[in-house]
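Residue numbers for the sequence shown follow numbering that gives the first Met the number 0, beginning at 0 and rising by one.
What follows is a short report on a single structure.
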Amino acid sequence: MTIYAENKKAYFNYEILEKFEGGLVLTGNEVKAIRNKQVRLIDSYLIFKKGELFLINAKISAYQKNNKFLLDESRDRKILLNKKELIYLENSLKQKGLTLVPLKVYNKNKVIKLEFALAKGKKKFEKKRQILTREINREINRQLKNQFGDDRNRP
Numbered sequence: 000m001t002i003y004a005e006n007k008k009a010y011f012n013y014e015i016l017e018k019f020e021g022g023l024v025l026t027g028n029e030v031k032a033i034r035n036k037q038v039r040l041i042d043s044y045l046i047f048k049k050g051e052l053f054l055i056n057a058k059i060s061a062y063q064k065n066n067k068f069l070l071d072e073s074r075d076r077k078i079l080l081n082k083k084e085l086i087y088l089e090n091s092l093k094q095k096g097l098t099l100v101p102l103k104v105y106n107k108n109k110v111i112k113l114e115f116a117l118a119k120g121k122k123k124f125e126k127k128r129q130i131l132t133r134e135i136n137r138e139i140n141r142q143l144k145n146q147f148g149d150d151r152n153r154p
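Quick look at the structure:
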């Protein structure tokens, strides 16, 4: 499994409730561009249009070797899921505060897949608390390392 793009900000800005996997409907040039890691998931999201799920605002740059067919790099791309998952997600999004956020684009058995999550947005104070606990843990680990040394061969 090769990971082509990852949305690291999603883990900071959202509380991930459930993860899903779906196929992407792409053109040939987009597949080549993704395999060259010319894809960005930051500021992208998923919405329903007429009962189908679409990835909005994901940037896939034009493949440089073939510029004959220039497409819009942030066009809407359809996500392939089975009907039960689509119904479940559509009903889940009716709850207040829930959204669908893309997490990563990767290769699975020669097929490009999108991992996305049903997520709830974090409040500002929750983000600050997460930063503070991360800094405290770093400082504790630094103090322990200085006090006991970095003895990795300990049992």
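In this text, a Cβ means the ideal position worked out from N, Cα and C, and glycines have one as well.
- No residue range can be given for Leu25, since it is assigned to no alpha helix (DSSP H) and is classified by DSSP as neither H nor E.
- Per the DSSP secondary-structure output, Tyr44 pairs in a beta bridge with Ile55.
- Under the 10 Å beta carbon count, Asn6 is surrounded by 16 or more other beta carbons and is classified as buried.
- DSSP, read as helix, strand or coil, puts Lys112 in strand.
- In the three-state reduction of the DSSP assignment, Arg133 falls in the helix class.
- With respect to the C-alpha of Tyr87, the residue from Thr1, Glu29 and Leu117 having the closest C-alpha is Leu117.
- Scanning its chain for C-beta atoms nearer than 8 Å, with the 5 sequence neighbours on each side dropped, one finds around Leu79 the residues Gly21, Gly22, Leu23 and Val24, in chain order.
- Asn56 is positioned such that its CB atom lies closer than 7 Å to that of Asp42.
- Between Glu17 and Lys121, the C-beta spacing is not below 7 Å.
- Closest in alpha carbon position to Ala4, among Ile139, Glu51 and Leu102, is Leu102.
- If you draw a straight line from the Cα of Leu99 to the Cα of Glu51, it comes to about 13 Å.
- In the DSSP assignment, Ile2 forms a beta bridge with Tyr105.
- Sequence-distant partners of Glu29 (beyond 5 residues in either direction) whose C-beta falls short of 6 Å from its own C-beta, in its chain, are Ile59.
- Between Arg39 and the set Ser91, Leu113, Leu92 and Lys83, the nearest pair of CA atoms involves Leu113.
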